[in-house]
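Data block below; observations after.
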Amino acid sequence: MAEEKDFAELVDESMNVPDKGKVFKGLVVRIDQDDVFIDFGSKSEGVVPIQEFCNKSGVPDVNIGEEVEVMFDNWANEGLPKLSRIKAEQIRENKRIQDHFDKGELIKAKITQKVKGGVIADVGDKIEIRAFIPGSQIDISPRQDLDSLVGETIEARIIKLAGNDIVLSRRVYLEEEREVLKKETLSRIEAGKEMSGKVVNIINQGVFVDLGGIEGFIPVSELTWGRVAHPGDVLSKDQIIKTIVLRIEEGGKITLSLKDTTPDPWTSVKEKYKPGIQIKGKAVSITDFGVFVELEPGIEGLVHISEITWTKRFRHPKEIVQAGSPVEAVVLDVDSGNRRISLSLKQIEPSPWQLFKENNPQGSRIKGVIKNVTDKGLFVEVEESIVGLVRPDNISWKGKVNPEEAFEKGSEIDVVVLNVDDKNQRIGLGLKQLAADPWEEVQRKYKTGRSSVTGKVKDIKDSGIVIELDEGIEGYIRANELSQEKEQRDAIKHFKVGDEITAQVTGFDKRMRQVNLSKRKYDDWQDKERVSNFISSQGEPAAKLGDVLKEKLKQMNNDEGV
Numbered sequence: 347m348a349e350e351k352d353f354a355e356l357v358d359e360s361m362n363v364p365d366k367g368k369v370f371k372g373l374v375v376r377i378d379q380d381d382v383f384i385d386f387g388s389k390s391e392g393v394v395p396i397q398e399f400c401n402k403s404g405v406p407d408v409n410i411g412e413e414v415e416v417m418f419d420n421w422a423n424e425g426l427p428k429l430s431r432i433k434a435e436q437i438r439e440n441k442r443i444q445d446h447f448d449k450g451e452l453i454k455a456k457i458t459q460k461v462k463g464g465v466i467a468d469v470g471d472k473i474e475i476r477a478f479i480p481g482s483q484i485d486i487s488p489r490q491d492l493d494s495l496v497g498e499t500i501e502a503r504i505i506k507l508a509g510n511d512i513v514l515s516r517r518v519y520l521e522e523e524r525e526v527l528k529k530e531t532l533s534r535i536e537a538g539k540e541m542s543g544k545v546v547n548i549i550n551q552g553v554f555v556d557l558g559g560i561e562g563f564i565p566v567s568e569l570t571w572g573r574v575a576h577p578g579d580v581l582s583k584d585q586i587i588k589t590i591v592l593r594i595e596e597g598g599k600i601t602l603s604l605k606d607t608t609p610d611p612w613t614s615v616k617e618k619y620k621p622g623i624q625i626k627g628k629a630v631s632i633t634d635f636g637v638f639v640e641l642e643p644g645i646e647g648l649v650h651i652s653e654i655t656w657t658k659r660f661r662h663p664k665e666i667v668q669a670g671s672p673v674e675a676v677v678l679d680v681d682s683g684n685r686r687i688s689l690s691l692k693q694i695e696p697s698p699w700q701l702f703k704e705n706n707p708q709g710s711r712i713k714g715v716i717k718n719v720t721d722k723g724l725f726v727e728v729e730e731s732i733v734g735l736v737r738p739d740n741i742s743w744k745g746k747v748n749p750e751e752a753f754e755k756g757s758e759i760d761v762v763v764l765n766v767d768d769k770n771q772r773i774g775l776g777l778k779q780l781a782a783d784p785w786e787e788v789q790r791k792y793k794t795g796r797s798s799v800t801g802k803v804k805d806i807k808d809s810g811i812v813i814e815l816d817e818g819i820e821g822y823i824r825a826n827e828l829s830q831e832k833e834q835r836d837a838i839k840h841f842k843v844g845d846e847i848t849a850q851v852t853g854f855d856k857r858m859r860q861v862n863l864s865k866r867k868y869d870d871w872q873d874k875e876r877v878s879n880f881i882s883s884q885g886e887p888a889a890k891l892g893d894v895l896k897e898k899l900k901q902m903n904n905d906e907g908v
């Protein structure tokens, strides 16, 4: 064995071959299909497999006349020195990587694949040198999109080097760079200043922005002047934006505003949206109490539930208006101080009560359907969803009627329009007005002091008796008008309900719609009539007696005056 070794050394010396493992330079003199032949000053050319000259794309990258670094590896079967370019490059790469590690310098790394816990990167110059980058060391914030990094070339710092075990960290480098930027940023940041930054994270509550080594936060309320469903609808990750610094708190917390980089749209609201004008907008939110309408970015108005429709009934506004749909509305009121605009959808069209009032003036006779009957009266639908009220005292000229006893729901009836309050959406109707008011006929028919009427006792009170007359009109006889007797206190006791009484008309109580009557005066008149008739029947001989009776009648009249 020793003899063979000595012989090999003798051969090496005779061929002028460098020691194994030593890197030296040679000149490419010939290239065939499988090998590259190199003149390195020996008596024989060295041979290198051509695949060792393939670049990282797998394509041979070598030319005749090119000087290359190689290392003596062994003897080939043909007796030629077998050289290795890869081993020579490996030695050179190891030295370069070691220098970067010792000096703490950054090294370029091309990410080639994603593996469990991180990625594999190639840090070699001409040959592939594999290194591992843990997922936590790729960026300052954890990244979930490691697949997207494949093919990217980054700069990183070697944090572990043990033979072929190379571990890199980009995060360490970024944090160092970030600290430098942070100091520079803090030296110039102040409240009210405009700062540029990059969106680094988006959450439901807002957006984090990298201002340069330090992060600021934009609350969702500071993204736009208008409504924001989610911050991601306004900004996207890695987007470069301008912001305004609102405040810097102890501990370094920085609050930013994106909307303050644009003018506040509410400053010109009063000039643009005057009450009464019609506007177009988009329904952006539907609530139990109404609909929010976006008039322009940052400007919203509210259509209260009472201003959605004139007559259509609904349980929730979403039955009428859908979020995202275009709407037309009328401006009712603008309160720019409190950032409120009141709108109306229904007032785009004329009020149906106003139209009803124009088409059906007071006294109009119309048809309707009874929708409901209560002790308050009859609720009558006179047009679709337009309901008027017939109060109990407007049902009959005879007095109040219990509607629940006299009418049925669903019946069609004729009514007269009494009044229309279009502002309060109320219509007064009447049934009794379909016929002439008998009270007016009574006043024409009966003459005070000259007419007498007969009726039945309807009610007896301490103060007098109510008489029901033929025409449905009530008469009233006070207690002191019941009898000719001076002691009239007990006269009322002589009457009962249903008794027929004839009395003289003494006047009219328009407020109570009653005919004032007097039985006493009627009886007096009857007495006078009897005396007058008696005198007429006696002729001339009774002239003296007539004078006596006339005197007596005169005295009776004087008594009445008293």
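Residue numbering for the sequence shown is 347 to 908, as defined by our numbering.
For each residue, glycine too, the CB sits at the ideal point set by N, CA and C.
Which residue wins for smallest C-alpha separation from Q860, given the options Y868, W743 and D870?
When C-alpha distances from Q860 are compared across Y868, W743 and D870, the shortest belongs to W743.
Spell out the partners DSSP gives G776 in its beta bridges.
V762
What does DSSP give as the partner residue(s) for I806 in the beta ladder?
Under DSSP, the beta-bridge partners assigned to I806 are I811.
Shortest alpha-carbon distance to R737 belongs to which of G776, P672 and I759?
G776
For P784, which three-state DSSP category applies?
helix
If you draw a straight line from the C-alpha of P887 to the C-alpha of I813, how long is it?
Residue placement at P887 is poorly supported in this model, since its pLDDT is 49, which falls under 50; the coordinates still yield a value, given next. Just so you know, the alpha carbons of P887 and I813 end up roughly 45 Å apart.
Please confirm whether G636 and I654 have their CB atoms less than 9 Å apart.
yes
According to the neighbour-count rule (16 or more other Cβ atoms, all chains shown, within 10 Å of its Cβ), is M541 buried or exposed?
buried
Opposite N420 in the DSSP bridges: which residues?
For N420, which the question treats as bridged, DSSP gives the partners K428.
Got a sec, what are the start and stop residues for the alpha helix (DSSP H) N705 sits in?
P698 to N705
Which residues in the same chain have their Cβ closer than 7 Å to the Cβ of V382, if we skip the five residues on either side of it in sequence?
V374, V394, I396, F399 and V408
Please list, in chain order, all residues of the same chain as W612 whose beta carbon is under 8 Å from its beta carbon, the five residues on each side excluded.
W571, G644, I645, S682 and R685
Which residues in the same chain as I384 place their Cβ atom closer than 8 Å to its Cβ, once the five residues preceding and following it in sequence are excluded?
G372, L373, V374, V375, E391, G392, V393, V394, V414, V416 and L429
Between the stretch 517-535 and the stretch 565-581, are three or more C-beta pairs nearer than 8 Å?
Touching, no.
List the whole-angstrom C-beta distance separating V763 from Q700, where the pair is believed to meet the contact cut-off of C-beta under 8 Å.
Actually they do not touch by this definition, with Cβ atoms about 14 Å apart.
In this structure, does DSSP put K506 in helix, strand or coil?
strand
What residues are listed by DSSP as bridge partners for F370?
V416
Which of the three DSSP states, helix, strand or coil, is assigned to N740?
helix
According to the neighbour-count rule (16 or more other Cβ atoms, all chains shown, within 10 Å of its Cβ), is L780 buried or exposed?
Result: exposed.
Taking the alpha carbon of T852 as the point to measure from, which residue in V843, L863 and E846 has its own alpha carbon closest?
L863
DSSP state of H662, grouped into three classes?
Under the three-state reduction of DSSP, H662 is assigned to coil, being neither helix nor strand.
Please report the residue range of the alpha helix (DSSP H) in which F516 lies.
The sequence shown places Arg at residue 516, not Phe. R516 -> alpha helix (DSSP H) spans R516 to L532.
What span of residues does the beta strand (DSSP E) with E617 cover, start to end?
From DSSP, E617 is part of no beta strand (DSSP E) but of the alpha helix (DSSP H) over V615 to K618.
Quick one: what's got a C-beta closer than 8 Å to K778's C-beta in the same chain, skipping five residues either side?
N740, I741, S742 and W743
Between which two residues does the beta strand (DSSP E) carrying A911 extend?
Coverage of the chain is limited to positions 347 through 908, which leaves residue 911 absent and any answer about it impossible.
Which one of E758, L557 and I549 has the shortest CA to CA distance from D579?
I549
Pull up the distance between the alpha-carbon of V555 and that of I466, whole angstroms please.
30 Å
When you compare the CB positions of D909 and G774, do they come within less than 9 Å of one another, or not?
The structure shown has nothing for residue 909, since the chain only spans 347 to 908.
Determine the direct distance from the alpha carbon of G810 to that of E787, and round the result to whole angstroms.
25 Å
Do D419 and K441 have their beta-carbon atoms positioned less than 9 Å apart in this structure?
no
Is I457 buried or exposed, if buried means 16 or more other CB atoms sit within 10 Å of its CB?
buried
Compare the C-alpha of I732 against each of Q771, I759 and H576 and name the closest.
Q771
Under the three-state reduction of DSSP, which class applies to K588: helix, strand or coil?
In the structure shown, K588 sits in a strand (DSSP, three-state: E or B).
Note down, in chain order, each residue of its chain lying with its Cβ closer than 6 Å to the Cβ of G559, except the 5 sequence neighbours on either side.
R524, L527, K528 and T531
Taking 9 Å as the threshold (C-beta atoms), are L691 and E665 in contact?
no
Enumerate in chain order the residues of its own chain whose CB-to-CB distance from S757 is below 6 Å, with the five nearest sequence positions on each side excluded.
I716
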